[in-house]
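Residue numbers (this note's numbering), protein chains in the order written: chain A, 12 to 122; chain B, 331 to 445.
Cβ coordinates follow ideal geometry from the N, Cα and C atoms, glycine included.
Keep in mind it's a predicted model, so treat the numbers as computed, not measured.
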């Protein structure tokens with residue numbers, strides 16, 4: 012049974028560029044959440060998708076957007092990248108009354 | 331608003347000894363869940379243990395147990411018989427609803443196990 016997968020594992024971008032991160036949930040899970048973890052901090056919630064709609068959103072600007080597909084996989088898009096967007100981006104999948112399980116993360120470096 | 335506080339930036343423990351990682355929380359919600367995750371240097375967050383606010387007994391999962399004291403709003407993680415592979419960051423987190431609500435994380439505790 013495959014767990015949560017994320018791609019790519021590492022990414023280097025320059026300021027002002029756009030980036031797309033991808034996540035495939037654990038089998039049987041229909042909910043995908045995205046978190047940003049800056050160096051030395053705990054993860055911060057970005058948003059959560061369920062039934063192809065954004066169900067919850069954290070305190071992140073509109074530059075951060077997402078999408079969920081019919082197969083429950085999800086994308087995180089970040090526009091107009093800033094140096095401060097450099098972080099580990101974690102995807103977690105879950106379903107009702109199920110714990111959130113995380114993928115290995117994508118390390119984004121913005122130069 | 332929900333808040334998680336982890337006051338121990340780092341902890342050391344000798345192999346085969348037990349260690350307690352502290353976590354206190356604040357919420358006005360009557361129902362909530364508490365979680366502990368382990369994050370090795372690779373970065374992946376590994377789920378360890380869950381405690382529901384209405385669970386009568388403290389949760390246990392193998393060498394992990396959660397010392398839940400509701401009146402004190404604490405949810406400490408106890409790791410028994412520490413192993414070298416337990417060296418990692420440990421995060422306490424909470425949410426209102428298991429699976430369908432955002433997780434609020436603490437700042438983490440770095441545990442180092444020495445021989």
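Proximity of residue 430 of chain B to chain A, defined by a Cβ-Cβ separation below 8 Å, is satisfied.
In this structure, the beta-carbon distance from residue 76 of chain A to residue 60 of chain A does not fall below 8 Å.
Judged by beta-carbon spacing, residue 417 of chain B lies within the 8 Å limit of residue 441 of chain B, meaning their Cβ atoms are closer than that value.
The C-beta distance from residue 100 of chain A to residue 92 of chain A rounds to 12 Å, too long to fall under 8 Å, and the pair is not in contact. Counting along the chain, the unbroken beta strand (DSSP E) around residue 382 of chain B starts and ends at 376–382. In summary, residue 402 of chain B is exposed, with fewer than 16 beta-carbon neighbours lying within 10 Å of its beta-carbon over all protein chains present. The continuous stretches of beta strand (DSSP E) do not include residue 362 of chain B, and DSSP gives it neither H nor E. Within the model, the alpha-carbon separation for residue 80 of chain A versus residue 63 of chain A is close to 6 Å. Around residue 437 of chain B, the beta-carbon contacts reaching into chain A at under 7 Å are 52, 53.
At a beta-carbon threshold of 7 Å, none of the residues of chain B lie near residue 13 of chain A; the nearest stands roughly 14 Å away. By the Cβ criterion, the stretch 331–341 of chain B is in contact with the stretch 430–441 of chain B, since at least three pairs of Cβ atoms, one from each stretch, lie closer than 8 Å.
Distance between residue 54 of chain A and residue 350 of chain B, taken at the CA atoms: about 22 Å.
Cβ-Cβ separation between residue 119 of chain A and residue 30 of chain A: approximately 6 Å, consistent with a contact (criterion under 8 Å). Nearest Cα to residue 42 of chain A within the set A:27, A:117, A:112: A:112.
DSSP places residue 15 of chain A in no beta strand (DSSP E); its state is neither H nor E.
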